[in-house]
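Asks: Mind having a look at this structure? Questions to follow.
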Amino acid sequence: MNAGGPPREDLDGLDPTVEALRGMKKDLPPAGLASAITSGLAQIPPPRRSAWRRLWGALQRPQVVWAYRMAIFLVLLGIMAGVWRLVDRPRVEPAGNAAFRPGSRVVSHSKGPAGPMIPVTFTFYSPKAHSVCVVSTFNDWDSKKTPMKRGKDGTWTVQVSLPQGRYEYMFLVDGTRYETDPNALELRQDGMGNDNAVLRL
Amino acid sequence: MDEREVRGLLERVLDGEPDRFAPLVEAYTPALYNLAHKMLGGSTEASDVVQETFFRAYRDLGRFDGRTRFYSWLCGICVNVSYDAGKRRRRSWEREEPMTEGAEERLAGKEQNAEEELIASQEDRRLRGCLGRIPLTLRAALLLRYQEDLSLQEVADQLRIGLSATKMRVRRGLALLKECMSRNLVGGIR
């Protein structure tokens with residue numbers, strides 16, 4: 350026996366006291382004890398699963414398992430949709446900078462069918478502006494020649510017909526502020542700290 | 008009866024077939040009787056303990072969580088019922104006569120004498136005598152471990168004590184038993 354420490358199960362067999370305990374004669378129950386007990390059990394109400402185990406058992410049923418798998422899938426789908434909307438939502442337009450609208454689908458200009466004069470539509474989103482016009486090399490930077498019209502959604506548009514060529518342009522907002530087209534494909538510095546948008550036809 | 012078979016029967020009992028509990032009573036009565044008898048050293052009391060064990064197990068079957076063997080769970084209940092029976096017996100002795108030092112051991116010795124006619128082996132008789140003299144908590148640990156062949160962890164689970172405490176009880180029980188056997192003590196061990 351390993352008297353110095355706790356008993357070790359693998360060494361139990363070496364201890365004569367343990368062997369004696371293991372070898373003790375089994376005491377047998379009186380005949381009919383099991384039958385008497387079984388008869389006595391009839392007087393006790395039949396056992397039932399605890400409420401928690403019944404609930405757990407119900408949750409293990411295949412139909413329920415599929416139902417909550419589907420519920421988990423739908424919840425995950427909802428979370429993903431929410432995240433997507435959050436990522437895809439356009440940023441709020443900063444105050445005082447009406448031209449800046451990243452992610453907008455406003456088309457700045459479009460080409461018409463090929464010909465001597467090409468119709469081009471300028472669009473500029475600026476819901477707070479009172480007036481917007483296009484000033485460009487095609488109108489000698491004259492703010493009165495190409496005024497734009499405001500749409501209900503705050504988008505200003507104007508259509509002009511131009512011959513093929515290269516043009517630089519800006520949007521003049523409220524007659525005082527020059528804004529570069531945020532959707533321009535090409536820019537050119539004007540030497541005074543601004544970037545002119547470049548249109549090639 | 009293997010554990011899978013036992014679990015199958017228990018499920019059926021809980022599903023509304025109470026008769027399926029009878030084979031379990033039949034299977035485990037001898038082992039529980041042996042445990043109770045050695046715990047208390049009284050044949051009649053042991054029968055009552057086994058009966059109460061099965062009654063409690065049947066009543067609380069819905070709470071059996073299946074984390075231990077069913078037999079191990081039954082042994083745990085049997086030990087608790089034996090403790091209760093031991094306390095009742097002690098109280099009845101106290102009512103009949105004031106408990107004097109060694110009275111319990113002397114009574115245990117009387118019960119042992121009644122057993123002697125049935126027990127052939129001298130060694131077995133001595134061992135029973137000594138087992139009856141060590142404290143009930145240590146006796147329970149030794150019997151669960153070496154008579155009912157439960158693992159130390161199972162003993163710990165059923166006695167609701169930690170593994171270290173179980174090892175200590177087994178070690179202490181063995182030490183007392185060995186001391187008693189070697190000295191062949193007539194009196195009790197405290």
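Protein chains in written order, with this note's numbering: chain A, 350 to 550; chain B, 8 to 197. Glycine included, every Cβ here is placed at the ideal spot set by N, Cα and C. The structure displayed is predicted, hence computed values, not measured ones.
When DSSP labels each residue in this structure, what does SER407(A) get in the three-state scheme?
Replies: This sequence places Ala at residue 407(A); Ser is not what is there. Here ALA407(A) sits in helix by DSSP.
Asks: Excluding the 5 residues preceding and the 5 following GLN165(B) in the sequence, name in chain order all residues of the same chain whose CB lies nearer than 8 Å to its CB.
Replies: THR75, SER79, TRP80, CYS82, GLY83, VAL86, LEU151, LEU157
Asks: Whose Cβ in chain B lies nearer than 7 Å to the Cβ of MET373(A)?
Replies: ASP131, LEU134, GLN154
Asks: Whole-angstrom Cβ separation of THR506(A) and THR470(A), contact assumed at under 8 Å?
Replies: 6 Å
Asks: Would you please verify whether the beta carbon of PRO379(A) is less than 8 Å from any beta carbon of chain B?
Replies: yes
Asks: Hey, is ARG402(A)'s beta-carbon within less than 8 Å of any beta-carbon in chain B?
Replies: yes
Asks: Under 8 Å by Cβ, that's how I've got ARG146(B) and LEU138(B) pegged, so tell me the actual separation to the nearest angstrom.
Replies: Between LEU138(B) and ARG146(B) the Cβ distance is about 6 Å, and since that is below 8 Å, they are a contact.
Asks: For TRP490(A), which of helix, strand or coil comes out of DSSP?
Replies: coil
Asks: With 8 Å as the threshold, decide whether the Cβ of ALA407(A) is near any Cβ in chain B.
Replies: no
Asks: Taking the alpha-carbon of ALA478(A) as reference, which of SER485(A), SER492(A), LYS498(A) has the nearest alpha-carbon?
Replies: Distances from the alpha-carbon of ALA478(A) to those of SER485(A), SER492(A), LYS498(A) put LYS498(A) closest.
Asks: So does the stretch 382-401 of chain A actually touch the stretch 12-31 of chain B, counting three or more Cβ pairs closer than 8 Å?
Replies: yes
Asks: State buried or exposed for ASN351(A), treating a residue as buried only when at least 16 other CB atoms are found within 10 Å of its CB.
Replies: In this prediction, ASN351(A) has a pLDDT of 41, which is less than 50 and means its spatial position is unreliable; what the coordinates show is noted afterwards. Exposed, by the Cβ-count rule.
Asks: How long is the line joining the alpha carbons of LEU39(B) and PRO411(A), rounded to whole angstroms?
Replies: 39 Å
Asks: Are the C-beta atoms of GLN58(B) and some chain A residue less than 8 Å apart?
Replies: yes
Asks: If the criterion is Cβ atoms closer than 8 Å, does the pair ALA148(B) and GLY180(B) meet it?
Replies: yes
Asks: Rounding to the nearest angstrom, what Cα-Cα distance links ARG454(A) and MET541(A) in this structure?
Replies: For ARG454(A), the predicted structure reports a pLDDT of 36, less than 50, and the residue's modelled location is therefore unreliable. A value from the coordinates is still provided. Within the model, the alpha-carbon separation for ARG454(A) versus MET541(A) is close to 29 Å.
Asks: Spatial neighbours of THR60(B) within its chain, please: CB distance less than 7 Å, with the 5 preceding and 5 following residues excluded, ordered by chain position.
Replies: LEU39, LEU81, ILE84, CYS85, VAL88
Asks: For chain A, find out if any of its Cβ atoms is closer than 8 Å to the Cβ of ARG27(B); answer yes or no.
Replies: By this cut-off, ARG27(B) is not an interface position.
Asks: Opposite SER485(A) in the DSSP bridges: which residues?
Replies: TYR518(A)
Asks: Straight-line CA distance for PRO365(A) to ILE141(B)?
Replies: If you draw a straight line from the Cα of PRO365(A) to the Cα of ILE141(B), it is about 18 Å long.
Asks: Mapping the DSSP letters down to three states, classify ASP544(A) as helix, strand or coil.
Replies: In the structure shown, ASP544(A) falls within a strand segment according to DSSP collapsed to helix, strand and coil.
Asks: Does the stretch 14-21 of chain B come close enough to the stretch 45-58 of chain B to have 3 or more Cβ pairs within less than 8 Å?
Replies: no
Asks: For THR36(B), tell me which candidate among GLY372(A), THR529(A), TYR527(A), THR387(A) has the shortest Cα-Cα distance.
Replies: Looking only at GLY372(A), THR529(A), TYR527(A), THR387(A), the smallest Cα-Cα distance to THR36(B) is reached by THR387(A).
Asks: Provide the residue span of the alpha helix (DSSP H) that contains TYR35(B), from first to last.
Replies: 29-47
Asks: For a contact meaning CB atoms closer than 7 Å, what does ARG398(A) contact in chain B?
Replies: LEU21, GLY69
Asks: In chain A, which residues lie less than 8 Å from GLU33(B) when you measure between Cβ atoms?
Replies: ALA383, THR387
Asks: Check whether the Cβ of ALA430(A) lies closer than 8 Å to any Cβ atom in chain B.
Replies: no
Asks: Quick check: what's the CA-CA separation for ASP9(B) versus VAL32(B)?
Replies: 14 Å
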